[in-house]
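Residue numbers (our numbering): 58 to 473.
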């Protein structure tokens, strides 16, 4: 008589007494496959010929937000491993039946006990489906897994399953590789971005409090310039400026925030740069680089001379910004909440004629070495309240008027 294991037993993934094989215990051929897959930076997993999970790539673990092998079901049959919470939160319950249809047929002939053993592993409502599925022994198969609506929101995933065989035709292992369902022509657009910045963005998948330097920059009087240049020329200029600004922010170790109008925001996290001093220094270095890149790009693209196009920059420090990803059907970006973000915007709005304004709270986080490298001496820097600057708006005075502000030189001093 058929027995379904879920009717009277806890799933085997929660049995902590079972040994979990580590990747270093893999035999030489399997270890070579695992190492090769790891070097691709793809999400992948390897199962033995009997469909027991024996290895997951670091990228797959990162996507699942679980790095413990036991919690991922390593050592268990693939069907049982999928009952672990780490897998359950990755895909909505309504997609499980389709996953069984796409994958269980390939397991029937290889699993000890065959179809009856698989029936014992699935949920009661899936038993009739398991009885009806045909058995396949294909060398390669592919399907889609829709993660939309799950706790992880991984999107629509294209994956491949493949049997790796020995020279005599025996199954050595089963390999699963997971990737995007996007066409290659669209993936190439993503590939143009800076990989290291995307990695920094990925680390913010869980929203939380972070220490970071905040930067806002905006072109001065760009509206007047747009009226004097042909539309195509102005578009080329803004495109090239945006590209140059993003590149400088990425180069400095920052994360590009929003592009609003002809401006940009950026964040430099202490956790990414290694210290609060390094994050503050990166923001100052990026601010200087943005001013320089703007001047060079304006001359190269539009033939504008010195002073014809100015970029105003404001930099501030956020001690406890609430940061995370905003991921929608239309965009993926990082945003931050906190008074310091609003204050930094007001500092930037108060800058004029290409000024680089930094707050006291940011400058005083520089250590001796970073300060010397930047040509900034926190002990000799003089400050003014933002409200004392000429032309400051009532809104800026209201939101950030008491902030102590210093105008920094655009380049480090010759002594550096």
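Where is the CB? At the ideal position from N, CA and C, for every residue including glycine.
- Around residue 258, the same chain offers 312, 382, 391 as residues with beta carbons nearer than 7 angstroms, after the five sequence neighbours per side are excluded.
- Beta-bridge partners of residue 183 (DSSP): none assigned.
- Listed in chain order, the non-local C-beta contacts of residue 309 below 6 angstroms within the same chain comprise 339, 342, 343, local neighbours out to five positions each way being set aside.
- Contact annotation: the region 242-254 does not touch the region 355-369, with fewer than three C-beta pairs closer than 8 angstroms.
- Sequence-distant Cβ neighbours of residue 105 in its own chain, meaning closer than 7 angstroms and more than five residues away, are 111, 230.
- The beta carbon of residue 305 is closer than 8 angstroms to those of 343, 346, 347, 350 in its chain, skipping five residues each way along the sequence.
- Inclusion of residue 190 and residue 219 in the CB contact set at 8 angstroms is not warranted, their separation being larger than that value.
- Cβ-Cβ separation between residue 397 and residue 232: approximately 48 angstroms, too far for a contact (criterion under 8 angstroms).
- Ranked by Cα distance from residue 118, the first of 90, 147, 369, 109 is 147.
- In the assembly as shown, residue 410 is an exposed residue. Its beta-carbon has fewer than 16 other beta-carbons within 10 Å.
- By the criterion of a C-beta distance shorter than 6 angstroms, residue 144 is surrounded by no residue of its chain, once the five residues flanking it on both sides are discounted.
- With contacts defined by Cβ atoms closer than 8 angstroms, residue 433 and residue 444 do not form a contacting pair.
- Just measuring C-alpha positions, the residue of 408, 465, 126 sitting nearest residue 278 is 408.
- In the displayed model, residue 309 falls within coil according to three-state DSSP, outside both helix and strand.
- Its Cα nearest to that of residue 388, the residue 316 stands out among 316, 427, 131.
- Counted as a single uninterrupted DSSP element, the stretch harbouring residue 373 is not any alpha helix (DSSP H) but the beta strand (DSSP E) occupying residues 367-384.
- Note on geometry: alpha-carbon atoms of residue 222 and residue 86 lie some 11 angstroms from one another.
- Burial is judged here by how many other beta carbons sit within 10 angstroms of a residue's own beta carbon; residue 427 has at least 16 and is buried.
- For residue 439, no alpha helix (DSSP H) segment is defined, and its DSSP state is neither H nor E.
- Taken through DSSP and simplified to helix, strand or coil, residue 286 comes out as coil.
- Taking the C-beta atoms as reference points, residue 368 is found nearer than 8 angstroms to residue 276.
- Listed in chain order, the non-local C-beta contacts of residue 155 below 7 angstroms within the same chain number zero, local neighbours out to five positions each way being set aside.
- A Cβ-Cβ separation of about 53 angstroms leaves residue 267 out of contact with residue 224 under the 8 angstroms criterion.
- The residue among 420, 463, 358 with its C-alpha nearest the C-alpha of residue 292 is 358.
- For residue 403, the number of other beta carbons within 10 angstroms of its own is at least 16, and it is reported as buried.
- In the DSSP annotation of this structure, the continuous segment of the alpha helix (DSSP H) that includes residue 243 starts and ends at 241-248.
- Counting of Cβ neighbours within 10 angstroms places residue 255 among the exposed residues, the total staying below 16.
- A residue is called buried once 16 or more other Cβ atoms fall within 10 Å of its Cβ, and residue 115, having fewer, is exposed.
- About 6 angstroms separates the beta carbons of residue 393 and residue 324, which is inside the 8 angstroms limit, making them a contact pair.
- Per DSSP, residue 90 has no beta bridge partner at all.
- Short of 6 angstroms from the beta carbon of residue 196, and not among the five residues preceding or following it, lie these beta carbons of its own chain, in chain order: 220.
- The Cβ-Cβ distance between residue 157 and residue 186 falls below 8 angstroms.
- Its Cα nearest to that of residue 203, the residue 216 stands out among 216, 192, 193, 194.
- Residue 170 sits in coil when the DSSP states are folded into three classes, being neither helix nor strand.
- Taking residue 171 as the centre and dropping the five residues before and after it, the same chain places the C-beta of 165 closer than 8 angstroms to its C-beta, in chain order.
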